[in-house]
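Residue numbers (our numbering): 445 to 805.
Reading through the structure tokens given below for one structure.
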Ligand code: NAD
């Protein structure tokens, strides 16, 4: 079948890791008889340099006309890059916020997977992580505290700041539905994380998630308070399958979960809307310190491409093939510099992508 994939190379290591991921997508297409039609889209610093704006209507239209978009990373070194002398609304990050908003991307998925081969990078004790772990954090991305009304005033001579945490039931329901659908394709367990002992917004969250759960009788729902979840992630990460949570809790817990995998170059992510469309990107940034040196680990981007195949194109065996190829490469002892250990074979970005492509099919 033919699919349209938007590609945002972006800045820093973005073009290198996207070129690596494209190699893997091309191999997948040829092995499984698909055609991927790519459209290059500008965003962030690359867009500023060409058009003066971090995002343009062409990019939004191009993304909307695609089945899914794969992105490298955007942004530069804030201390040295000319992009950061512009006003905030003209800087690279405004492009990222702009595309998320324009496409209504409300569900952020961040898998935190610890591979046996990389367990040495995990800061937790060996007995806690034997056999590895595979957690999917689903974070609500467009509501809650980060989008509520806020103000800073002076009251009775005291500087006072207010942020509001608002959710309506539709915002909760749509991400809960996604979480149950995704859990159904995994190990069938959703842990909904909130602070229902204190917050009204969390009590509504819990009630709506329980309503949604009734439509998914094959999936187990548990609830956990966010402070407990922060502890459980480092005490026993293997207990989790899908963690479903609101925007700020998810922001914090997904960073904690990524730390316990120990390797930033391996972490994929996806942001979805209520169609099958998604924006897929590595969790790491544009790593300007190693840009253009063929040192970047392309695996997070390649695993993001696997998520794109799985969640937007519904190509399950193709996604499995890419994930298995990554596993094989690790088992065969190849590593980029960021995950290198003694006695293994160190490769650059493009060689790593080729080694993974060769193991598909
Ligand atoms: P970063 O993730 O780019 O880099 C942090 C460290 O990790 C650096 O030492 C870098 O070399 C290393 N690293 C990151 N990705 C790697 C990879 N694939 N392989 C090997 N090493 C890797 O974070 P930062 O330095 O704080 O940010 C740099 C820029 O990226 C900033 O402009 C920031 O705003 C931007 N950023 C963008 C996104 C995004 O596009 N979604 C996300 C985070 C940061």
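A virtual CB, placed ideally from N, CA and C, is assigned to each residue, including glycine.
Flag residue 730 as yes when its Cβ comes closer than 7 angstroms to any non-hydrogen atom of the ligand NAD, and as no otherwise. For this step, residue 730 is matched to residue 286 along the chain shown. Using a cutoff of 7 angstroms, the CB of residue 730 counts as near the ligand NAD, since one of the ligand's heavy atoms is closer than that.
I want to check one thing, is the minimum distance from the CB of residue 517 to the heavy atoms of the ligand NAD below 7 angstroms? Within the chain shown, numbered from 1, the residue matching residue 517 stands at position 73. Yes; taking the cut-off as 7 angstroms, the Cβ of residue 517 has a heavy atom of the ligand NAD nearer than that.
Whole-angstrom Cβ separation of residue 519 and residue 730, contact assumed at under 8 angstroms? Taking the first residue of the chain shown as 1, we reach residue 519 at position 75. Taking the first residue of the chain shown as 1, we reach residue 730 at position 286. Contact between residue 519 and residue 730 holds: their C-beta atoms lie close to 5 angstroms from each other, under 8 angstroms.
Tell me whether residue 523 sits in a helix, a strand or coil according to DSSP, three-state version. For the purposes of this step, residue 523 is identified with residue 79 of the chain shown, where counting begins at 1. Residue state for residue 523 is assigned as coil, using DSSP reduced to three classes.
Looking at C-alpha atoms only, which residue of 690, 639, 694 is the closest neighbour of residue 668? Start at 1 with the first residue of the chain shown, and residue 668 comes out as number 224. Just measuring C-alpha positions, the residue of 690, 639, 694 sitting nearest residue 668 is 639.
Buried/exposed call for residue 529, threshold 16 Cβ in 10 Å: Taking the chain shown and counting its residues from 1, the one referred to as residue 529 is at position 85. Exposed.
In DSSP terms, what residue 495 is bridged to: By 1-based counting over the chain shown, the position of residue 495 is 51. None; residue 495 has no bridge partner.
Would you report the Cα separation of residue 609 and residue 621, rounded to the nearest angstrom? Here the question's residue 609 lines up with position 165 in the chain shown. Here the question's residue 621 lines up with position 177 in the chain shown. Rounded to the nearest angstrom, the two C-alpha atoms are 21 angstroms apart.
Would residue 556 be called buried (16 or more neighbouring beta carbons within 10 Å of its own) or exposed? As a first step, residue 556 is located in the chain shown; it is residue number 112 there, counting from the start. Classification for residue 556: buried.
Which value, in whole angstroms, describes the spacing of the CA atoms of residue 615 and residue 643? If you number the chain shown from 1, residue 615 lands on position 171. If you number the chain shown from 1, residue 643 lands on position 199. Approximately 17 angstroms between the Cα atoms of the pair.
Alpha-carbon to alpha-carbon, residue 804 and residue 765: To locate residue 765, count along the chain shown from 1; it is residue 321. To locate residue 804, count along the chain shown from 1; it is residue 360. Counting only the Cα atoms, residue 804 lies some 6 angstroms from residue 765.
Let me know the secondary structure DSSP gives residue 463 once reduced to three states. Reading the chain shown from its first residue, position 19 is the one you call residue 463. Secondary structure at residue 463: helix, using DSSP grouped into helix, strand and coil.
With a CB to CB cut of under 8 angstroms and the five nearest residues on each side skipped, what residues in its chain are close to residue 718? Taking the chain shown and counting its residues from 1, one reaches residue 718 at position 274. Counting only Cβ-Cβ distances below 8 angstroms, and skipping sequence neighbours, we find 548, 550, 618.
Option nearest residue 798 by Cα separation, candidates 775, 782, 783, 769: For this step, residue 798 is matched to residue 354 along the chain shown. Comparing Cα positions, the closest option is 769.
Are residue 452 and residue 742 close, meaning C-beta to C-beta below 8 angstroms? The residue given as residue 452 occupies position 8 in the chain shown. The residue given as residue 742 occupies position 298 in the chain shown. Not in contact: residue 452 and residue 742 (Cβ atoms no closer than 8 angstroms).
Measuring alpha carbon to alpha carbon, tell me which of 694, 637, 677 ends up nearest residue 567. The residue you call residue 567 lines up with position 123 of the chain shown. Looking from the CA of residue 567, the closest CA among 694, 637, 677 belongs to 677.
Could you pull out every residue in the same chain whose Cβ sits closer than 8 angstroms to the Cβ of residue 785, ignoring the five residues on either side in sequence? Within the chain shown, numbered from 1, the residue matching residue 785 stands at position 341. The answer, listed in chain order, is 564, 779.
When you measure from the CB of residue 493 to every non-hydrogen atom of the ligand NAD, does any distance come out below 7 angstroms? As a first step, residue 493 must be located in the chain shown, where it is residue number 49. No, the ligand NAD has no heavy atom inside 7 angstroms of this Cβ.
Using the C-alpha atoms, what's the distance from residue 796 back to residue 478? Your numbering for residue 478 matches position 34 in the chain shown. Your numbering for residue 796 matches position 352 in the chain shown. Between residue 478 and residue 796, the C-alpha separation is close to 23 angstroms.
Hey, would you say residue 712 sits closer than 8 angstroms to residue 457, going by beta carbons? Position 268 of the chain shown holds residue 712. Position 13 of the chain shown holds residue 457. No, they are not a contact pair.
Please find out if some non-hydrogen atom of the ligand NAD comes closer than 7 angstroms to the beta-carbon of residue 587. In the chain shown, counting from the first residue as 1, residue 587 sits at position 143. Incorrect: residue 587 has no Cβ contact closer than 7 angstroms to the ligand NAD.
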